[in-house]
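Below is one structure, written out as structure tokens, with a few remarks after it.
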Amino acid sequence: MFTNKFNIWFLSSLLISLLVIIPILTVSFSFFEDTSRYFDILKKTFLFEYIFNSLSLLVGVLILTFFLGVGSAYVVSFYKFPGVNFFKWALILSFAIPPYIYAYSLFAFFDNYGTAFTILKTLFGDGEYNKSIPKFDGMFGLILSISFSLYAYVYILARSSFLYQSQNLIDLGKNLGFSKFKSFYSIILPAARPAIVAGLSLVAMETLAEFGAVDFFSVNTLTTGIYNAWITFDDLAFANRISFFLLLFIFILFLTENLSRKKAKYHLDTRGGFKQKEKIKLSGTNSFFAFLFCFLLFFISFLFPLGQMLYWTIKFPENFFDINVINLLLNTLYLVGLSSLVLITFALISNYGNRVSRNKTLNFLSTLSISGYAIPGVILAVAFITFIAWFDENIIKSLGFLSIKKLFIGSVLGLIIVYFVRFYSLAFNGIKSGYEKINVSVDESAYLLGYSKRKTFLNIHVPYLRNSLLFVVILISLEIIRELPITLVLRPFNFETFATTAYISASEDMLEAAAVPSLFLILIAAFFITITSNYILKENNG
Amino acid sequence: MANNFLEVNNVDFKAGGKTKVKNVSFSVQNEGDIICLLGPSGIGKTTILRTIAGLEKINNGSIIINNKTISSKKIHIEPEDRNISLAFQDNSLFPHYNVEKNILIGTEKKNKKKIKINAKEIVEFLNLKKILNKYPHEISAGEAQRSSLARALVSNPDLLLLDEPLSNVDQSFKEEIQVELKQLLSKSKITTIIVTHDSYEAFYLGSKCGIILNKQLKQFDDPYNVYHFPNSVEVVNFLNRGILIPAKVTSENSLENKDLGTIKGNFVKHYPNGSEVKLLLQPEDLEHDDKSNLKLEVVDRKFRGTNFIYTLKTPSELQIPVFVHSHHIHQHEIDEKFGIKRPIHIDHIVCF
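Here the protein sequences line up with chains Y and X, keeping their order.
Reminder that position 524 of the first sequence reads as 524 in my numbering, one-by-one numbering, no gaps.
If you want my numbering, it's the 1-based position in the second sequence plus 1000.
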């Protein structure tokens, strides 16, 4: 119904999608633009290395996050053992650690004369410990940093999916005489496949767009290539072209996965068939190993970087007084509040517009618009600057108006706009997954009860989506608290957040000074996660 | 025609761009009438309801209520402005409201008409009192269906559309609801269109029944006529309440079958003598008689509580159903011989 109907919802939704699509189109059209000599230089020198490194990083992170995320989700969803209720939420705390802070901690702990050395020296006295302390830098360190920071995406989505699996499925496996392992890989795992793939796709996009940790470990990836193309050669077209390849690569990867599913359905119609799962109680060695696995994961992913930052803050208390914590906190929360408001409002309107319009073109545009998440923040920031400069020069000035550059570049407004493009997919998909749980006949019932579309939206959808909205706000908040490249490029003069302060100190080789802002960043993010953990763990079953 | 309460004139009903039922015309004469649309699953019955409710548009024909066109190629009154209620087959309850709020939301509908049905009465009749505080995800499919029905009823519509309203309701409770629903609808004079695939439900509830087969409304008539005077072989096959056997017309009130001999009765439609026809033989058309010399072999026996339906094999391998009261003095086992009373007389002879 309502096909081709140009109502206000359709138009709003169309406008929002087009707004988000502009940078994506900029990136795509760059394919036909001329590039500088940098491309020739790069082709002859490091391009292969960039691609190889990006692929190695992606494969390494995907494998590790798959095992960590699915493994931990399986253990806490299907078994009872001491501490399981604690680990259920504690394992999502790793969200509070951005990959670059994990990288600082990893490097600092295992560095020559680093924290590991100090611990060994304190315990066993002087010695040549540096030789026997493993070094986690370069590609290996990068894979570890990103994986331990991001595995929670896979954990949350896989766990939700496991949670909604009916006991009937498990009983069916038993009935067919399957071992626990066979039940896991032939019934439980395939049924959770869409959720796991959704988690891995988020990890993949974050990995390819990662800037802070890649920069810290000096690994040459396509992201570094993009950054160099812009900074060193001022060749935005080529930077865009590399980004386009990144987008294309991710698209092909997940399209292949999607096609391989064919027409298989992965969720059960719960009407008359859902049976609550009974957790299996572990005892003895099994219980110990389940506990150990979860504890080690929690320790390595959260306690370890938190401890390292805390250690440095205590060891070098003078750094604490060098930064204005209140100011950084207010700046961070200001960005979080404004961005959340803008993202939630627009994503809600866009979702509802899509739902009532049922227009294929709009649906396609919305799908395209959410791919902004896969574009590295650096590229988005640069594309934005270029667009504003062009618009200012060619449109505004030619019309005789004053320059608008200052309004958008180096301003909070500019930051919010680019955050909007970057994180729109999070907001859109988060709300969409809430919407998918509302049967279309619910809307139709409302219309038949005399509700207008506006009233249906405000009285039926918004109250129902309240929890999804809260979840999306938290996700956006976490992303913005941790966000680095966009803030770094577009922030107003003298406007710092915890993330930029930490990065600047680390890039000046003052890792100890990076500890204080990093610690606050972790604590605020952890606070956000903790207050909403119950919801995060229930929601978003994909 | 102009004074009919509802008129559907030459409408093609479409869903998802595909025509589901073509060139449909029927009318509901009086306010308060109940009509039932019968047909196999997926045939387009729901599409007809959705279109009348305004959830789908039409490109030809018209739908008129109380002399006002609500759908045509040029006119489409939005669903929220039609005062038509549709109780969906699946769970369409608002997930964030409890059952009580879900039902009462129906009473908030802007309605100039005098309230016909009271919510309390509906809650009692549909046995929903115990689940009023529960949320949709906490109740069974049958309870959700009853709650949805209650919401549609209390909204006091001009036209009530019920899509398989009792498909998820327990059999034991179903008959009780059917009786009370019929009484309630007739008392409150709410015009209702019910879609079902259960012929017994349709015959009981509807003052008229429409049979939809092969993208067409094949027959629209009183339930009695639909049952006894089906107008096509397709309707006979759909109702599955008899078989067609070959016969030859021998006079204006008799015909001859090779296995059963002479069959007498009143022809519904005239056929010239000597015509080869297919005679509709329904289970209640033949009578059992132990003393009869026309004996056929029992190949199956179905116990239906108040009666048995025997399936008998004729010498030319036809399988004929015969209805026998379950209090009949003795039962016949498979392979036994079963007597048919002669001469055979059928009240209305339906042939094709």
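Don't be surprised by glycine CBs; every beta carbon is placed ideally from N, CA and C.
All values derive from a computational prediction rather than experimental measurement.
- None of the residues of the stretch 336 to 362 of chain Y has a beta carbon lying less than 7 Å from any beta carbon of chain X.
- Here I1263 (chain X) is bridged, per DSSP, to X:L1255, X:I1344.
- As computed with DSSP, Y1310 (chain X) is found in a beta bridge with X:R1301, X:V1322.
- The alpha-carbon of A192 (chain Y) is positioned some 53 Å away from that of Q1282 (chain X).
- Straight-line spacing of the CA atoms in S105 (chain Y) and L142 (chain Y) works out to 12 Å.
- In the three-state reduction of the DSSP assignment, N331 (chain Y) falls in the helix class.
- Judged by their CB atoms, R422 (chain Y) and Y373 (chain Y) are nearer to each other than the 8 Å cut-off.
- Within the DSSP secondary-structure output, C1036 (chain X) pairs in a beta bridge with X:I1194, X:C1209.
- Contact of E444 (chain Y) with chain X by beta-carbon distance below 9 Å involves R1050, A1053, L1055, P1079, L1086, F1088, S1092.
- About 5 Å separates the CB atoms of F1267 (chain X) and I1349 (chain X); that is less than 8 Å, so the two are in contact.
- For N112 (chain Y) and T118 (chain Y), the gap between their C-alpha atoms comes out near 10 Å.
- Each of X:D1221, X:L1161, X:F1229, X:P1246 was checked against the Cα of S1275 (chain X), and the nearest Cα belongs to X:P1246.
- Counting only the Cα atoms, F498 (chain Y) lies some 23 Å from T224 (chain Y).
- For Y1200 (chain X), the three-state secondary structure derived from DSSP is helix.
- A residue is called buried once 16 or more other Cβ atoms fall within 10 Å of its Cβ, and F384 (chain Y) is buried on that count.
- Inter-segment contact for the stretch 321 to 330 of chain Y and the stretch 398 to 410 of chain Y is absent: fewer than three beta-carbon pairs are separated by less than 8 Å.
- Less than 8 Å divides the Cβ of L490 (chain Y) from the Cβ of V418 (chain Y).
- With its beta carbon at least 8 Å from every one in chain Y, H1332 (chain X) lies outside the interface.
- E1078 (chain X) has no beta-bridge partner at all, per DSSP.
- DSSP places I1243 (chain X) within a strand segment (E or B) once states are collapsed to three.
- V421 (chain Y) carries a helical assignment under DSSP once its states are collapsed to helix, strand and coil.
- The beta carbon of G414 (chain Y) sits closer than 7 Å to those of F384, F408, L490, all from its chain and outside the five residues before and after it, given in chain order.
- At a cut-off of 8 Å between C-beta atoms, I460 (chain Y) counts as an interface residue with respect to chain X.
- Annotation: Cβ neighbours of Y451 (chain Y) in chain X (cutoff 8 Å, chain order): E1080.
- Here the stretch 392 to 402 of chain Y does not lie against the stretch 442 to 453 of chain Y, with fewer than 3 beta-carbon pairs under 8 Å apart.
- Against L415 (chain Y), chain X offers no close residue; the least beta-carbon distance is about 35 Å (beta-carbon pairs closer than 8 Å).
- The alpha-carbon separation between G1242 (chain X) and Y1200 (chain X) amounts to approximately 15 Å.
- T207 (chain Y) sits in a helix when the DSSP states are folded into three classes.
- At a cut-off of 8 Å between beta-carbon atoms, S1155 (chain X) makes contact with chain Y.
- Ranking Y:S533, Y:I22, Y:A514, Y:G83 by CA distance to the CA of S283 (chain Y) puts Y:G83 first.
- Per the Cβ contact rule, the stretch 1138 to 1150 of chain X is in contact with the stretch 1076 to 1094 of chain X (3 or more Cβ pairs under 8 Å).
- Contact note: P463 (chain Y) reaches chain X through H1096, using a C-beta cutoff of 7 Å and chain order.
- Contact check for F288 (chain Y) and L343 (chain Y): beta-carbon distance about 44 Å, past the 8 Å limit, so the pair fails to qualify.
- By the C-beta density criterion, G1016 (chain X) is exposed, having fewer than 16 other C-beta atoms within 10 angstroms.
- Per DSSP, T501 (chain Y) is one residue of the alpha helix (DSSP H) stretching across 498 to 507.
- If you draw a straight line from the Cα of S13 (chain Y) to the Cα of N439 (chain Y), it comes to about 20 Å.
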